[in-house]
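Colleague:
Set out below in structure tokens:
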């Protein structure tokens, strides 16, 4: 007996997905695995950096650690520090310490000159030019501050994130276990590839297609080819429900006399959707058997491809609490919002965050970077490669190699504890990026410090006291950060106040009073500005 699927009974793709996803009740399993094995899994928890990275101020070159105030000049070499070594040295005078790339910088040093930039004679080095503060130094926490969220729940774990987690000493993480999927192809007309083709028969291709699409991201726990026999089909489905989360069956979903799959699903469980407004792919089935997701695809392989791309992938994605706005792209064109320049002798990689502007164009925010910064590389969304000596002015077009693109609500600007743990795309690198976001109209929310710049308008103000703690040499901030304007002679420049904790009690440190205790220096106002409608709505509901 034929079952006719009438056009007036068909569901749109969106309606079918909405009805079906509300009808299924799948709870993903959580397991703890080694970081080295976590590629492709979905994170089941937020992971915060347990240490600063780098965990000490390091030399970025082979050279000599010095005090920049002693240059130009002739300096005696008093010691050598190799990579992995620690020596109690306090460089209080105009002396030099030889250091390897990656070696710890001795106390008191604030710059490193390359070996090839000095003249060496009789145990001394001669420096012929003025060396700037911070030259060739990777400061403590300059890449990732302790406590910073480096992996978010629902994020698909990349190769770069694995390297970052390992660099931070993280050995195990909690992930959502991979979906277990069972595949069944049905049809009297089907034979396995590799066998002689008989009259009236065709080679089975759906299983091959589905396995190739699913095997890298999910666990395929079974696959089989069956004839059009309802008892065998029901037996195999029952077997699949014992081991799988999702059962995908091809063929037998339409109105033919031997289309038994819809009968088997209905007899063993229930059909939620039978028939979708899509061509090809009309007789698609979405059902439930023993709380397992059951999907019936048409036997035509082109129909299976169309339904897989437009329906199956969305169902599978929704079974995890995955960050829905995260997209993966190829190379795209984008405008840089700050000027970028390559090394004069080498092609240069520059990491960027990506944003889609109000008019639809992509914008790239380049960030400060050195080769030791695995955190910066893993957290950014792509990179630009410039040819040796090439420069691109602000507003110029570049080609971005996109690793991922998170188009969720973005907050750009000054760091504050009230923003750090929000489930948003946080680019909290200081006021300058926020000002560029306002200027070019990208991102959703900008946060500008009153210490850095005044603004024409704002949606909210967050007031906070900046306090100072300790004595001795001053610890400062990157010049994108508002607090950098009140610290005149820093010996270290940090990326954010989250990097300050390991230096409390060792130097004179400045930070918002929510970070450290200390004597009030000045009140800072953070101007919170909604750039998009969704940004303004988010601000109106924000409690900080």
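In full-length UniProt numbering, the protein residues as written are 1 to 544. Yeah, the Cβ is synthetic: ideal placement off N, Cα and C, and Gly gets one too.
#1: The alpha helix (DSSP H) spanning residue 266 covers which residue range?
#2: Please report the straight-line C-alpha distance between residue 93 and residue 116, rounded to a whole angstrom.
#3: With three or more C-beta pairs closer than 8 Å as the rule, is the segment 154-168 touching the segment 522-531?
#4: Got a sec? Which residues, its chain only, sit under 6 Å from residue 559 by beta carbon, not counting five neighbours each side?
#5: Tell me the rounded alpha-carbon separation between residue 543 and residue 142.
#6: Looking at the strands, I want to know which residues DSSP matches up with residue 224.
#7: Quick check on DSSP: helix, strand or coil for residue 465?
#8: Which residue spans inside the segment 426-482 form an unbroken beta strand (DSSP E) run of at least 3?
#9: Would you call the CB atoms of residue 57 and residue 112 closer than 7 Å?
#10: For residue 289, report the span of its beta strand (DSSP E) as first-last.
#11: So, is residue 262 buried or exposed, given that buried needs 16 or more other C-beta atoms within 10 angstroms?
#12: Who are the near neighbours of residue 370 in its chain, counting only those whose CB is closer than 7 Å to its CB and skipping five residues on each side?
#13: Mind checking residue 343: buried by the 16 CB within 10 Å criterion, or exposed?
#14: Please list the terminal residues of the continuous beta strand (DSSP E) segment that includes residue 97.
#15: Run through the DSSP bridge pairs and tell me what residue 90 is partnered with.
#16: Assuming residue 180 contacts residue 228 under a Cβ cut-off of 8 Å, what Cβ separation, rounded to an integer in Å, is found between them?
#17: Is it buried or exposed, residue 302, if we count other Cβ atoms within 10 angstroms and call 16 or more buried?
#18: According to the Cβ coordinates, are residue 550 and residue 269 closer than 7 Å?
#19: Kindly provide the ranges of any beta strand (DSSP E) runs that are 3 or more residues long and lie completely inside the segment 118-206, ordered along the chain.
#20: For my contact list, residue 169 and residue 127 are in at a C-beta cut-off of 8 Å; report their separation, rounded to the angstrom.
#21: Ends of the alpha helix (DSSP H) at residue 22?
#22: Enumerate in chain order the residues of its own chain whose CB-to-CB distance from residue 515 is below 8 Å, with the five nearest sequence positions on each side excluded.
Modeller: In this structure, then:
#1: For the purposes of this step, residue 266 is identified with residue 266 of the chain shown, where counting begins at 1. Residue 266 -> alpha helix (DSSP H) spans 261-268.
#2: The residue given as residue 93 occupies position 93 in the chain shown. The residue given as residue 116 occupies position 116 in the chain shown. Roughly 23 Å separates the two Cα atoms.
#3: no
#4: Absent from the model: residue 559. The displayed extent of the chain is 1 to 544, so no value can be given.
#5: Reading the chain shown from its first residue, position 543 is the one you call residue 543. Reading the chain shown from its first residue, position 142 is the one you call residue 142. Answer to the nearest angstrom: the Cα atoms are 29 Å apart.
#6: One-based indexing of the chain shown puts residue 224 at position 224. In the DSSP output, where bridge partners are listed per residue, residue 224 has 184.
#7: On the chain shown, residue 465 is found 465 positions in, with the first residue counted as 1. It is a strand residue.
#8: 445-449, 460-469, 474-477
#9: Counting from one through the chain shown, the residue named residue 57 turns up at place 57. Counting from one through the chain shown, the residue named residue 112 turns up at place 112. Going by C-beta atoms, residue 57 is not nearer than 7 Å to residue 112.
#10: Here residue 289 refers to the residue found at position 289 of the chain shown. Its beta strand (DSSP E) spans residues 285-289.
#11: Here residue 262 refers to the residue found at position 262 when the chain shown is read from its first residue. Buried, by the Cβ-count rule.
#12: The sequence position of residue 370 within the chain shown is 370, counting from 1. Contacts found: 60, 138.
#13: Walking along the chain shown from the start, residue 343 turns up at place 343. Exposed, because fewer than 16 other Cβ atoms sit within 10 Å of the Cβ of residue 343.
#14: For the purposes of this step, residue 97 is taken as the residue at position 97 of the chain shown. That run of the beta strand (DSSP E) goes 95-99.
#15: As a working mapping, residue 90 is identified with position 90 in the chain shown. 107.
#16: Within the chain shown, residue 180 is the residue found at index 180, counting from 1. Within the chain shown, residue 228 is the residue found at index 228, counting from 1. Wrong, their Cβ atoms sit about 26 Å apart, outside the cutoff.
#17: Here residue 302 refers to the residue found at position 302 when the chain shown is read from its first residue. Under this definition residue 302 is an exposed residue.
#18: Beyond the ends of the chain as shown, which are 1 and 544, falls residue 550; an answer cannot be given.
#19: 119-121, 124-127, 149-151, 172-176, 180-186
#20: Position 169 of the chain shown, counted from the start, is the residue given in the question as residue 169. Position 127 of the chain shown, counted from the start, is the residue given in the question as residue 127. Contact doesn't hold; Cβ gap of about 37 Å is too wide.
#21: Here residue 22 refers to the residue found at position 22 when the chain shown is read from its first residue. Unbroken alpha helix (DSSP H) run through residue 22: 13-23.
#22: Position 515 of the chain shown, counted from the start, is the residue given in the question as residue 515. Excluding residues within five positions, the ones whose Cβ falls inside 8 Å are 417, 497, 498, 500, 501.
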